[in-house]
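Structure, as structure tokens:
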Amino acid sequence: MNKMIKEIEDMSLNAWPSHKMELYDGWILRFSYFYTHRTNSVEQFGTSTLSWREKVSYCENEYRRLGSPAIFKISPLVSPDFDYVLENRGYGIQHTTQVMTMNLEDGVLDHPYPKVNFTDDIPDVWIESLFDLKGTVNPVHRAVVPSMYRAIVKDTICASIWDNGKIVATGLGILDRDYIGIYAIHVREDFRHMGYARQICTGLLKEGRRKGASKSYLQVVKGNTPAQALYVSLGYQYAYTYWFRVQP
99 MNKMIKEIED MSLNAWPSHK MELYDGWILR FSYFYTHRTN SVEQFGTSTL SWREKVSYCE
159 NEYRRLGSPA IFKISPLVSP DFDYVLENRG YGIQHTTQVM TMNLEDGVLD HPYPKVNFTD
219 DIPDVWIESL FDLKGTVNPV HRAVVPSMYR AIVKDTICAS IWDNGKIVAT GLGILDRDYI
279 GIYAIHVRED FRHMGYARQI CTGLLKEGRR KGASKSYLQV VKGNTPAQAL YVSLGYQYAY
339 TYWFRVQP
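Using our numbering, the first residue of the sequence shown is number 99, and each one after it goes up by one.
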């Protein structure tokens, strides 16, 4: 189980680079002007030689210098004792995420997807449309985040559905090892409940399988019931949960 979790955690780092990153004694400090928790947090990926107290203080100072509270990602690979240390320092849990996985041969991928367009690269219009779908108005995010998408080193499958000359639904598949990771599933509000998210997901998974993937993973915010129901209906199962502890 831990081997699978480590594999997915590594792949998710490959899939979503941060604007700035610093390696520190087996930890990686990620900073992206607080665009998302995942790209603006500390992750543990290697062996530590320094004390937790020393390292947490260092991280707090680094994020303070960058104008952000310190955020630590707590996955099942992180010691429960470390989570307890953060709790005792007043860190609260914010933004819990559930990771789901699937063997593609077991997936329910029979839904047609005639409206989905695919490209191997990530066009500027797709990124700008994603900002609009998510309601991203922060000018710093709109200036910085495109470079984060450009920094993805793995092969990608970019999906979109257009209506009247505009993108109304998006999705992104990222191929790594024998997995396809599913990201950026968004549908414009007035086009929801039309099956577009299912079309996007089905198309990405089948394209991923065509390109050699045999498994898939995705991450969904806990409490996002409609998305969770969709993913379960496609054949995904819950694998593990992680959360973020945020400096008070």
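Even glycine gets a Cβ: it sits at the ideal position worked out from N, Cα and C.
For residue i, which residues of its own chain have a beta-carbon under 8 Å away from its beta-carbon, when the five flanking residues on both sides are left out?
| i | result |
| --- | --- |
| aspartate 276 | Gly310, Ala311, Ser312, Lys313 |
| proline 324 | none |
| aspartate 181 | Ile172, Arg343 |
Here's the rule I'm using: 16 or more other beta-carbon atoms within 10 Å means buried, otherwise exposed. How should residue i be labelled?
| i | result |
| --- | --- |
| leucine 302 | buried |
| leucine 266 | Checking the displayed sequence, the identity of residue 266 turns out to be valine instead of leucine. Its Cβ being crowded by 16 or more others within 10 Å, valine 266 is buried. |
| glycine 321 | exposed |
| threonine 145 | exposed |
| phenylalanine 143 | exposed |
| asparagine 186 | exposed |
| arginine 248 | exposed |
| serine 97 | Outside the displayed span of the chain (99 to 346) sits residue 97, for which this structure offers no information. |
| threonine 137 | buried |
Short of 7 Å in beta carbon distance, which residues of its chain neighbour residue i, apart from the five on each side in sequence? Order them along the chain.
| i | result |
| --- | --- |
| arginine 308 | none |
| arginine 296 | His209, Leu328 |
| proline 167 | Tyr161, Val344, Gln345 |
| alanine 282 | Leu228, Thr268, Gly269, Leu270 |
Going by DSSP in three states, residue i sits in which element: helix, strand or coil?
| i | result |
| --- | --- |
| serine 312 | coil |
| asparagine 262 | coil |
| arginine 275 | coil |
| methionine 99 | coil |
| arginine 187 | coil |
| alanine 241 | helix |
| tyrosine 281 | strand |
Below 7 Å between beta carbons: does that hold for residue i and residue j?
| i | j | result |
| --- | --- | --- |
| histidine 284 | threonine 268 | yes |
| phenylalanine 129 | lysine 118 | yes |
| glutamate 141 | isoleucine 126 | yes |
| tyrosine 334 | methionine 198 | yes |
| glycine 205 | leucine 332 | yes |
| valine 183 | tryptophan 150 | yes |
| serine 169 | phenylalanine 342 | Note on identity: in this sequence residue 169 is isoleucine, with serine being the wrong assignment. A contact, by the Cβ cut-off of 7 Å. |
| alanine 241 | isoleucine 298 | no |
| isoleucine 259 | valine 318 | no |
Keeping to the same chain, check which residues put their C-beta closer than 6 Å to that of residue i; ignore five residues upstream and five downstream.
| i | result |
| --- | --- |
| asparagine 201 | Lys313 |
| isoleucine 278 | Gly271, Gly306, Ala311, Ser314 |
| aspartate 274 | Met109, Asn112, Lys252 |
Enumerate, from N- to C-terminal direction, the unbroken alpha helix (DSSP H) stretches of 4 or more residues contained entirely within the stretch 107-174. Restricting attention to alpha helix (DSSP H) runs no shorter than 4 residues, the stretch 107-174 encloses them at 150-163, ordered along the chain.
Report the start-end ranges of each alpha helix (DSSP H) in the stretch 286-332 that is 4 residues or longer and not cut off at the edges. Taking only runs of at least 4 residues, the alpha helix (DSSP H) segments lying wholly in the stretch 286-332 are 294-308, 323-332.
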